[in-house]
Amino acid sequence: MNNQKQPSYYAIIPATVRYDEELKYAERLFYGEITALIGKEGYCFASNNYFAELYGVIPGTISRWVSHLSKLGYIKVELIRDNNNAIIERRIYITDISCRKIMQDTYKQNSTYPYKQNCLYPMSKKAKDNNINIKIDRFFNYVINNKDEMPKEFENIEQFQEFYTIIERLEFNYTEDMLNTFKKKNIERLKIIIYSIKEMFIRNKGKLLLKATREDFFNVYDSCKNFEDSYKNTENEIKSFFDYYYISIIRKLQAKL
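Here the sequence shown is numbered in this note's numbering, starting from 796 and rising by one per residue.
This is the structure we're talking about:
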């Protein structure tokens, strides 16, 4: 996600939202979270999965909150599609004019707390401002170095070892010494691929992984990256590369079933 940043320290919930009895309390708080994620672009592009993990609910719940806020006129939702009419980004705009003005002023003041992390493989500028890429970096370092606590997505070490067996079968089990010879862009590609395999494993998409080959992951990544590069600095610019890649590799593997 280009320019995706950590949420602002402050969220804005105007009285019209705070006291609207048609809204659940969770929806009112969710509205504030949207305002905290709006940056210079003037909209929030965080995914349902991002919000679902943040609030401990399923993505379908987030979808209903978005629909309800939109129905009541508090937000406007715009869907950005690629040449194949597939959705690659959702933009959420706040409709309250005074609220938008406050958010613009807050952004100009740059009143956020920067994320700091010491990591073996330095994060790109995107990753520093991107919640999902921070998770990708952390998970990659765990897989390569097997240090720190086991990622919370795994129930136990046996489950992680089962996942790692898939990594080994696909020959993505590089060592630290091997990675030291890699170019930065190739390490970034490997990070995305390994995290997508983890997501498929956690989401019980074992049938897809059984059909997957090493070449599938590389070919889809390169295709997605070429598409992203061709649309940089345009209205169709991809804001969540991982989401775009994950959806694309899922479709590729589903076609093989």
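Where is the CB? At the ideal position from N, CA and C, for every residue including glycine.
Cα-Cα separation, residue i to residue j
i	j	result
residue 809	residue 891	9 angstroms
residue 962	residue 814	51 angstroms
residue 1048	residue 812	43 angstroms
residue 999	residue 1044	15 angstroms
residue 971	residue 1039	28 angstroms
residue 792	residue 1036	Outside the shown range of the chain, which is 796 to 1052, sits residue 792, and nothing can be said about it.
residue 1023	residue 816	42 angstroms
residue 987	residue 806	30 angstroms
residue 854	residue 847	5 angstroms
residue 1046	residue 856	24 angstroms
residue 931	residue 873	27 angstroms
residue 862	residue 878	25 angstroms
residue 1020	residue 980	11 angstroms
residue 969	residue 1012	16 angstroms
residue 976	residue 982	10 angstroms
residue 958	residue 836	38 angstroms
residue 820	residue 869	15 angstroms
residue 955	residue 1018	29 angstroms
residue 1014	residue 1001	20 angstroms
residue 989	residue 934	9 angstroms
residue 960	residue 831	40 angstroms
residue 1003	residue 978	29 angstroms
Contacts around residue i, its chain only, beta-carbon distance under 8 angstroms, and the 5 residues preceding and following it disregarded
i	result
residue 881	1042
residue 867	815, 817 and 818
C-beta neighbour in chain D for residue i, strict 8 angstroms
i	result
residue 864	Chain labels in this structure do not include chain D; a single protein chain is all it has.
Reduced DSSP category for residue i - H, G, I as helix; E, B as strand; rest coil
i	result
residue 872	strand
residue 884	strand
residue 853	coil
residue 1042	helix
residue 889	strand
residue 796	In this predicted model, residue 796 has a pLDDT of only 38, less than 50, meaning its place in the structure is not dependable; the value taken from the coordinates is given anyway. In the structure shown, residue 796 sits in coil (DSSP, three-state: anything other than H, G, I, E or B).
Proximal residues to residue i (C-beta, below 7 angstroms), its chain only, five neighbours per side dropped
i	result
residue 984	1016
residue 997	948
residue 1006	1048, 1051 and 1052
residue 952	945
6 angstroms Cβ shell around residue i - same chain, five flanking residues per side excluded
i	result
residue 871	888 and 890
residue 1009	965 and 966
residue 860	822 and 825
residue 876	882
residue 829	839 and 887
residue 865	872
residue 858	843
residue 852	none
Whole-number beta carbon distance between residue j and residue i, since they are thought to touch under 8 angstroms
i	j	result
residue 974	residue 939	7 angstroms
residue 774	residue 926	With the chain represented from 796 up to 1052, any question about residue 774 goes unanswered, as that position is not in the structure.
Note to self: Check whether the stretch 881-888 and the stretch 832-845 touch, using three or more Cβ-Cβ pairs below 8 angstroms as the test.
What the structure shows: Judged by Cβ distances under 8 angstroms, the stretch 881-888 makes contact with the stretch 832-845, as three or more pairs qualify.
Notebook entry, point to check: Can at least three beta-carbon pairs, one atom from the stretch 989-997 and one from the stretch 935-950, be found at a separation below 8 angstroms?
Noted result: yes
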